[in-house]
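Numbering (this note's numbering), first residue to last: 41 to 176.
Here it is, written out as structure tokens:
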């Protein structure tokens with residue numbers, strides 16, 4: 041079952057500038073920047089969700105290519121689910137395509153998978169199942 045919006049991923053040229061901007065807009069403190077693969081990222085809370093600021097640390101990185109093609113802005117919308125494999129199976133049965141074959145673990149040890157933008161109106165949608173938070 042889809043529980044709601046987990047976060048909105050925003051591609052930025054500079055995470056620090058993005059943190060300053062969104063901390064000011066939302067009057068909330070962001071998480072310290074983290075690194076994972078070719079990404080530098082930080083989360084800024086708003087309501088029951090977060091803005092995830094994504095900066096490429098590689099000239100060939102996915103976020104760098106996204107910004108070069110489309111400019112800074114919304115990269116993806118992340119939807120929290122309670123059983124990611126059940127959602128994937130149900131969506132595949134309805135003809136939804138995914139970027140990868142199977143869900144995989146992200147930097148926070150949550151399971152994620154991205155719906156291919158060809159299955160949505162050009163929007164990259166992430167499904168995420170939080171494990172760490174469920175056990176706390």
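Where is the CB? At the ideal position from N, CA and C, for every residue including glycine.
Between the alpha carbons of residue i and residue j, how many angstroms are there, rounded?
i           : j           : result
residue 48  : residue 129 : 24 Å
residue 145 : residue 64  : 31 Å
residue 106 : residue 133 : 29 Å
residue 75  : residue 115 : 18 Å
residue 104 : residue 141 : 24 Å
Comparing C-alpha positions only, which one of the options sits nearest to residue i?
i           : options          : result
residue 131 : 147, 146 and 156 : 156
residue 91  : 46, 147 and 151  : 46
According to the Cβ coordinates, are residue i and residue j closer than 8 Å?
i           : j           : result
residue 153 : residue 143 : yes
residue 169 : residue 108 : no
residue 118 : residue 136 : no
Task: Meets three-Cβ-pair contact criterion under 8 Å: the stretch 41-60 and the stretch 74-93 - done: yes
- [ ] Report the residue ranges of all alpha helix (DSSP H) runs contained in full by the stretch 45-80; include only those spanning at least 4 residues, in chain order.
- [x] 55-66
Open item on the list: Please give the ranges of any alpha helix (DSSP H) in the stretch 112-164, keeping only runs that are unbroken, at least 4 residues long and fully inside the region.
Closed with: 124-133
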